[in-house]
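Participant: Position one of the sequence shown corresponds to residue 86 (this note's numbering), numbered consecutively onward. Questions regarding the structure given below will be posed in turn.
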Amino acid sequence: MIEPLRTALENHNFVPLRKYMQWCNEHYYSKQPAIGAMGDFITAPEISQMFGEMIGIWIISRWHQMGEPERWQLIELGPGKATLMSDILRVLKAQPKLFRGLELHFNEVSPLLRAMQENILSKFGVKAFWHDDLNLLAPAPFIVIANEFFDALPIQQLVYSMSGWLERGVMLAGDKLEYTTREISDPYLLENVNPSRVPVPPVPGNMIEDCPMLGNYLRWMLCMQNYPGSALIIDYAYTQHTYGDTFQAVHHHQFADPLERPGWQDLTAHVNYAVISDFARKHQLQCAGPIGQGDFLRRMGIEQRAQNLMNGPSEPLEKIGIMEAMHRLTDADEMGTLFKAICLSSPQLPMPEGFYAP
Ligand code: SAH
Numbered sequence: 086m087i088e089p090l091r092t093a094l095e096n097h098n099f100v101p102l103r104k105y106m107q108w109c110n111e112h113y114y115s116k117q118p119a120i121g122a123m124g125d126f127i128t129a130p131e132i133s134q135m136f137g138e139m140i141g142i143w144i145i146s147r148w149h150q151m152g153e154p155e156r157w158q159l160i161e162l163g164p165g166k167a168t169l170m171s172d173i174l175r176v177l178k179a180q181p182k183l184f185r186g187l188e189l190h191f192n193e194v195s196p197l198l199r200a201m202q203e204n205i206l207s208k209f210g211v212k213a214f215w216h217d218d219l220n221l222l223a224p225a226p227f228i229v230i231a232n233e234f235f236d237a238l239p240i241q242q243l244v245y246s247m248s249g250w251l252e253r254g255v256m257l258a259g260d261k262l263e264y265t266t267r268e269i270s271d272p273y274l275l276e277n278v279n280p281s282r283v284p285v286p287p288v289p290g291n292m293i294e295d296c297p298m299l300g301n302y303l304r305w306m307l308c309m310q311n312y313p314g315s316a317l318i319i320d321y322a323y324t325q326h327t328y329g330d331t332f333q334a335v336h337h338h339q340f341a342d343p344l345e346r347p348g349w350q351d352l353t354a355h356v357n358y359a360v361i362s363d364f365a366r367k368h369q370l371q372c373a374g375p376i377g378q379g380d381f382l383r384r385m386g387i388e389q390r391a392q393n394l395m396n397g398p399s400e401p402l403e404k405i406g407i408m409e410a411m412h413r414l415t416d417a418d419e420m421g422t423l424f425k426a427i428c429l430s431s432p433q434l435p436m437p438e439g440f441y442a443p
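Shown next, in the form of C-alpha cells:
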C-alpha cells in the first residue's frame, strides 16, 4: 500500500475520494511509463503526429488573431512524453517571427516525465521553464494547451441518500479497499460541488462530481482579462451538469476496478465542461465550443494532411496506418465525439479557428 494512503487509512479508515485519487496518481505518474503501447493508455498525440500538427496550425492562427505578439508564452499542462509539444514545435518552426518570440512553460507533477520532457524538448533550442505554480508566470500574451490533462486531476464525489448528501470515500475492509460514505464535514464541499446546478431533483444513489483543481486553473486563467490569452482544452468530457459516476481506472489498456492496485494504474474522471462554460459566462471570458475532437480536427485540415502524408513516399502498410490513425482520432465511435475541444479566451479576441464551420 502506498504512503500516505496507508497512514490515512490506519488513522481514520476514511479517505475522501479526492485524496485517494490525488495520492494514487501522484505515485502512478512518478513511478512508471504510463503512456504508450508498453504503458496503460495511449493518448491522441501518441496515435499520430497529425494530432499535434493540427494543434500547431491552430496555435499559429491564434497567434495571428492575438496581434502577432513579439514575445509570447506557450504553456502546456501535463505534457506527458512531450510528443504533442514536439509535433507542435515542428509546425511552429516554419514561422520565424512567431518562433523567435516563443517561450515554453510547463506544468508537470511527475519528476520522471519532466526529465523526459526536458531531454526531448532541449533539441528545439527554445527557452523552456517548468512551474508548479502558474501564478508565478510573468504577464505576457499566452496560449495554453491541455490535452487529456484535466481528467487526471482528483475529483470529489457526493452521494445522495435519504438523509441528504454524503461525501464518498474509500475504507479498508479486511485487506480490500471499498467505497464508503460519511457525513459532509466541510461545509464548502456542498457549496463547491453544488448539486443544485443539476436541473433534476436527486434520488437516493445519485452521485455528483467536482474537480477542485479545475477551479484553481480556471481562476488562474482570469489573467486573460488583463492581456491576450487563449486556452485550448481537449479531454473526454460531458457538457451539462448531471448526476453520474465517471471515476475509472485503466490498466494495460483495459478498464479496471479503481480500488485495485492503488498507485499502480491510471485513475481518471470525465471533465465537466459546464463548469468551464459557466465560469466563462460569469467572468465575461470568450468561450468557444465544446465541439467533438473529430469536428475540430477535420476543420483544422486533418483529412488533407492525411492525404498529403499518403501521397508522400510511404509504404502501403504506412498508408493504412495513416488512415487508421485518422479514423481513430476523428470517428464518432472512436475518439471523435467523446473527446471534446473547448476554448477559453480574452473577451476581445476573434472566435478561434476550428470551432465553427468555415
Ligand atoms: N498531454 C499528454 C499527457 C496526458 S497524461 C498527452 O496528451 O499525451 C496526463 C499528464 O498530466 C501527465 O504528464 C501527468 O504526469 C500530468 N499530471 C497529472 N496530474 C498532474 C498535476 N496534478 N499537476 C501537473 N501535472 C499533472
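Note that beta-carbon positions come from the ideal geometry of N, C-alpha and C, so glycine has one too.
Ignore the nearest five residues each way along the sequence and tell me which others in residue 383's own chain have a CB closer than 8 Å to its CB.
Facilitator: These residues qualify, in order along the chain: 415.
Participant: From residue 423 to residue 186, what does the alpha carbon distance come to, in whole angstroms?
Facilitator: Each residue's Cα considered, the two are about 35 Å apart.
Participant: Mapping DSSP to helix, strand and coil, what is residue 105?
Facilitator: Residue state, collapsed to three classes: helix.
Participant: Please confirm whether residue 315 has its beta-carbon closer than 8 Å to some beta-carbon of chain D.
Facilitator: Absence of chain D from the displayed structure is noted, only one protein chain being present.
Participant: Quick one, which of 110, 358 and 429 has its alpha-carbon nearest residue 194's?
Facilitator: Of the listed residues, the one whose Cα sits closest to residue 194 is 110.
Participant: Is there contact between the segment 119-136 and the segment 350-359, where contact requires at least three CB pairs shorter than 8 Å?
Facilitator: Enough Cβ pairs lie closer than 8 Å, so yes.
Participant: If you drop the 5 nearest sequence neighbours on each side, which residues of the same chain put their C-beta closer than 8 Å to that of residue 211?
Facilitator: For residue 211, where only same-chain residues beyond five positions count, the Cβ hits under 8 Å are 174, 184, 187, 188 and 189.
Participant: Comparing C-alpha positions only, which one of 144, 304, 299 and 235 sits nearest to residue 179?
Facilitator: Ranking the options by Cα distance to residue 179, first place goes to 144.
Participant: Which partner residues does residue 292 have in the DSSP bridge list?
Facilitator: For residue 292, which the question treats as bridged, DSSP gives the partners 244.
Participant: Within a Cβ cutoff of 6 Å, which residues of the same chain sit near residue 331, ignoring the five residues on either side of it in sequence?
Facilitator: The answer, listed in chain order, is 354 and 355.
Participant: May I ask you to report which of helix, strand or coil DSSP gives residue 425?
Facilitator: Residue state, collapsed to three classes: strand.
Participant: From what residue to what residue does the alpha helix (DSSP H) around residue 395 run?
Facilitator: 387-396 is the span of the alpha helix (DSSP H), which, as asked, contains residue 395.
Participant: Do residue 188 and the ligand SAH come close, with the Cβ less than 7 Å from some heavy atom?
Facilitator: It does not: the Cβ of residue 188 is nowhere closer than 7 Å to a heavy atom of the ligand SAH.
Participant: Measure the C-alpha to C-alpha separation of residue 115 and residue 199 and round it to an integer number of angstroms.
Facilitator: Roughly 9 Å between the two C-alpha positions.
Participant: For the alpha helix (DSSP H) that residue 235 lies in, which residues bound it at each end?
Facilitator: From DSSP, residue 235 is part of no alpha helix (DSSP H); its letter is neither H nor E.
Participant: With three or more C-beta pairs closer than 8 Å as the rule, is the segment 317-334 touching the segment 287-296?
Facilitator: Yes: the two stretches touch, three or more of their Cβ pairs being nearer than 8 Å.
Participant: Under 7 Å Cβ to Cβ from residue 412, same chain only, skipping five residues before and after it: list those, please.
Facilitator: Result list for residue 412: 419, in chain order.
Participant: The ligand COA and residue 297: does the residue's C-beta get closer than 7 Å to at least one heavy atom of that ligand?
Facilitator: No copy of the ligand COA occurs in the structure displayed; its ligands are the ligand SAH alone.
Participant: Could you check whether the Cβ of residue 234 sits closer than 7 Å to any heavy atom belonging to the ligand SAH?
Facilitator: Residue 234 Cβ: within cutoff of the ligand SAH.
Participant: Only counting runs of 3 or more residues, tell me where the beta strand (DSSP E) segments fall wholly within the segment 103-185, in order along the chain.
Facilitator: Runs of the beta strand (DSSP E) inside the segment 103-185: 157-162.
Participant: Note down, one range per segment and in chain order, each alpha helix (DSSP H) of at least 4 residues found wholly within the segment 273-337.
Facilitator: Complete alpha helix (DSSP H) runs here, min 4: 297-305.
Participant: Start and end of the beta strand (DSSP E) containing residue 255?
Facilitator: Where residue 255 is concerned, the enclosing beta strand (DSSP E) stretches over 249-258.
Participant: If you draw a straight line from the C-alpha of residue 305 to the C-alpha of residue 264, how long is it?
Facilitator: Each residue's Cα considered, the two are about 33 Å apart.
Participant: Check whether the segment 135-144 and the segment 162-173 touch, using three or more Cβ-Cβ pairs below 8 Å as the test.
Facilitator: At 8 Å Cβ cutoff, the stretches touch.
Participant: Leaving aside the five residues before and after residue 369 along the sequence, list all residues of the same chain whose C-beta is less than 7 Å from its C-beta, in chain order.
Facilitator: Same-chain partners within the cutoff: 432.
Participant: Distance check for residue 426 and residue 319, CA to CA, integer angstroms please.
Facilitator: Going from the Cα of residue 319 to the Cα of residue 426 covers about 4 Å.
Participant: For the segment 218-236 against the segment 157-169, are there 3 or more C-beta pairs whose distance is under 8 Å?
Facilitator: Yes, since at least three Cβ pairs between the segment 218-236 and the segment 157-169 fall closer than 8 Å, the two stretches touch.
Participant: I think residue 252 touches residue 101, with their Cβ atoms under 8 Å apart; what is that distance to the nearest whole Å?
Facilitator: With a Cβ gap of about 6 Å, residue 252 and residue 101 count as contacting.
Participant: Return the chain-ordered list of same chain residues with a C-beta closer than 6 Å to the C-beta of residue 137, the five sequence neighbours on each side being excluded.
Facilitator: Here the set comprises 130, 169, 172 and 173.
Participant: Does the Cβ of residue 94 lie closer than 7 Å to at least one heavy atom of the ligand SAH?
Facilitator: Not so, every heavy atom of the ligand SAH lies at least 7 Å from the Cβ.
Participant: Decide yes or no for the touch test of the segment 273-287 against the segment 309-319: beta carbon pairs closer than 8 Å, at least 3 of them.
Facilitator: These segments do not touch.
Participant: Looking at the unbroken beta strand (DSSP E) that takes in residue 375, where does it start and where does it end?
Facilitator: Unbroken beta strand (DSSP E) run through residue 375: 371-377.
Participant: Would residue 361 be called buried (16 or more neighbouring beta carbons within 10 Å of its own) or exposed?
Facilitator: Per the 10 Å Cβ criterion, buried.
Participant: Nearest by alpha-carbon distance to residue 242: which of 153, 250 and 224 is it?
Facilitator: Closest option to residue 242, Cα to Cα, is 250.
Participant: Could you check the C-alpha separation between residue 218 and residue 248 for me, to the nearest Å?
Facilitator: The straight-line gap from Cα to Cα measures roughly 39 Å.
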